[in-house]
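According to our numbering, the residues represented by the sequence shown are 228 to 566, in order. Here a beta-carbon is modelled for each residue, glycine too, at the ideal position from N, C-alpha and C. Beneath this line is the structure, given in structure tokens, with notes to follow.
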Amino acid sequence: MQFTAHEEFFTFHDPMQNGKLIERQTEIRFDPLTGESSRIIYDPGAPFTPTDYTDLAKETEGAKCPFCSENIFSRTPTFPDELIEGGRLVLNETVVFPNLFPYSKHNAVVRMCDQHFVKPSEFTAPMIAQSFMAAHQYLQKVVESDAETKYASINWNYLPPSGGSILHPHIHVLASERPTNYQATIARASEYFYKEQSVNFFSQLVKTEAELDQRFIGSIGSIDWLHAFAPKGHTDFIGVFKAASFGELTAGHWDELAESMLRFLQYFEMIGIGSFNLGLFIPVDANESERVHVRLVPRFTSGVLDTSDINVFNFLHNEPLCLRIPEHTAKDVAKFFRK
Ligand SMILES: [Zn+2]
Ligand SMILES: [Zn+2]
């Protein structure tokens, strides 16, 4: 396993230091599995500040929100009875229904709880665990009814900076025989890695990172957490499940994911992050080369202009920028895993 980085230095006169000639560093890092590069920017920058959605929450709740209790069973679509008897899957406050405008062959929305706006500090472990359990139950029905299903994912855009279009907490569940770019890249690269090295990339990653102790964060039950060497965001937490595919997932994994999330939410609150994207990637077929894994990246807007954190480099160059040194982030967040 190789962790390759190149440093580049840029020389210029700095007006903040009386025109002194200085060198400033950029670090280009290559993902040990895919070879894709990311850039570490050594910019102290302004501290992150979360957007406050309290007022917008009051304006959008209740009658105006399709996911609030008065609307959830009348304004959301239903599945055909052949897939889900009664049309919706209900697990306590969690409700699973079809996405009105799907972007996959199978695409459900999981409304997580009754409460319209849940602040990061208000999430509870059962709230998160039950939502992922409900997503799991939906995927179980899909896999049983559609034998072609090969790729599944559970996706969370928390609040508008991350792409969330409704404040009411919800997650998106996708399944299809066709992968997304990310799923295809990981499947191809990990299969190649397995053929070349005769070892599972993800097992090797966890083992190597635990030994190096530079980016390893901690383990919650059967989920091992580490920071990506070549991050896709300003922080990029990877959770590797001790499960290769869908059939090995159990309710226990969701309790462990929920426990992990509460710790990351505390860390995000400490550094001023109030929004995030989470992607949980689930190979459907049993296999030697992959693992179920999850990635969690922070999202935010900045300054008085509400500037987006995604720009031409991320979007068109496909080159993630990272304002935080991964090894420092890993040390800081690891403290929350020792409590
Ligand atoms: Zn609502
Ligand atoms: Zn959404």
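Please list, in chain order, all residues of the same chain as residue i whose beta carbon is under 7 Å from its beta carbon, the five residues on each side excluded.
i, result
"F230", "P259, F456"
"Q493", "F563"
"R442", "E436, L453, H454, F456, P553, E554, A557"
"L489", "F350, A352"
"L248", "T238, H240"
"P606", "This structure gives no information on residue 606, because the portion of the chain shown stretches from 228 to 566."
"S358", "T321, V337, M339, I398"
Taking the C-alpha atoms as reference points, what is the distance between residue i and residue j?
i, j, result
"N545", "V524", "15 Å"
"D308", "G314", "6 Å"
"C549", "P458", "7 Å"
"G272", "T281", "27 Å"
"S265", "I465", "15 Å"
"R338", "D559", "32 Å"
"S446", "F564", "8 Å"
"S425", "T253", "35 Å"
"R405", "I444", "32 Å"
"G530", "T276", "9 Å"
"P293", "T303", "7 Å"
"G460", "S430", "23 Å"
"H399", "M243", "47 Å"
"L439", "M228", "12 Å"
"V519", "A478", "14 Å"
"A335", "L394", "17 Å"
"N427", "S417", "7 Å"
"E475", "S449", "12 Å"
"V467", "K291", "39 Å"
"V323", "A232", "44 Å"
"P576", "F542", "Here the chain covers residues 228 to 566 and nothing more, so residue 576 does not appear."
"S392", "I509", "25 Å"
Taking the continuous beta strand (DSSP E) assigned at residue i, which residues delimit it?
i, result
"G445", "443-447"
"L248", "247-257"
"A471", "From DSSP, A471 is part of no beta strand (DSSP E); its letter is neither H nor E."
"L432", "Per DSSP, L432 belongs to no beta strand (DSSP E); it is in the alpha helix (DSSP H), 428-439."
Run the CB neighbour count on residue i, radius 10 Å, all protein chains shown included, and call it buried at 16 or more, exposed below.
i, result
"T238", "exposed"
"T305", "exposed"
"E517", "buried"
"V369", "buried"
"T534", "exposed"
"T588", "Residue coverage of the chain in this structure runs from 228 to 566, which leaves residue 588 outside it and unanswerable."
"S301", "exposed"
"N538", "exposed"
"Y365", "buried"
"L432", "buried"
Along the chain, where does the alpha helix (DSSP H) containing residue i start, and where does it finish?
i, result
"S389", "Counting along the chain, S389 falls outside any alpha helix (DSSP H), and DSSP gives it neither H nor E."
"K558", "553-561"
"P353", "352-372"
"I537", "Unbroken run through I537: none, as it is neither H nor E."
"G479", "478-498"
Report the CB separation of residue i from residue j in whole angstroms; it is logged as a contact under 8 Å.
i, j, result
"I267", "R256", "6 Å"
"R522", "D536", "Contact doesn't hold; Cβ gap of about 16 Å is too wide."
"D482", "A356", "5 Å"
"A223", "L316", "A query on residue 223 cannot be resolved here, the shown segment of the chain reaching from 228 to 566 and no further."
"E234", "A352", "Not really, about 42 Å apart at Cβ, beyond 8 Å."
"K377", "D512", "6 Å"
"S380", "L505", "At roughly 10 Å, the Cβ-Cβ gap does not stay under 8 Å, so S380 and L505 are not in contact."
"E288", "C295", "6 Å"
Only counting the same chain, and skipping five residues up and downstream in sequence, which positions put a Cβ closer than 6 Å to that of residue i?
i, result
"L386", "S502"
"K332", "S403"
"M497", "none"
"T412", "T261"
"P388", "S502, R526, F527, T528"
For residue i, I'd like the list of residues in its chain whose CB is within less than 8 Å of its CB, leaving aside the five on either flank, ordered along the chain.
i, result
"E349", "Q342"
"P329", "none"
"S372", "E309, L310"
"F495", "P347, G501, F503, P525"
"Y421", "N427, F428, E515, S516"
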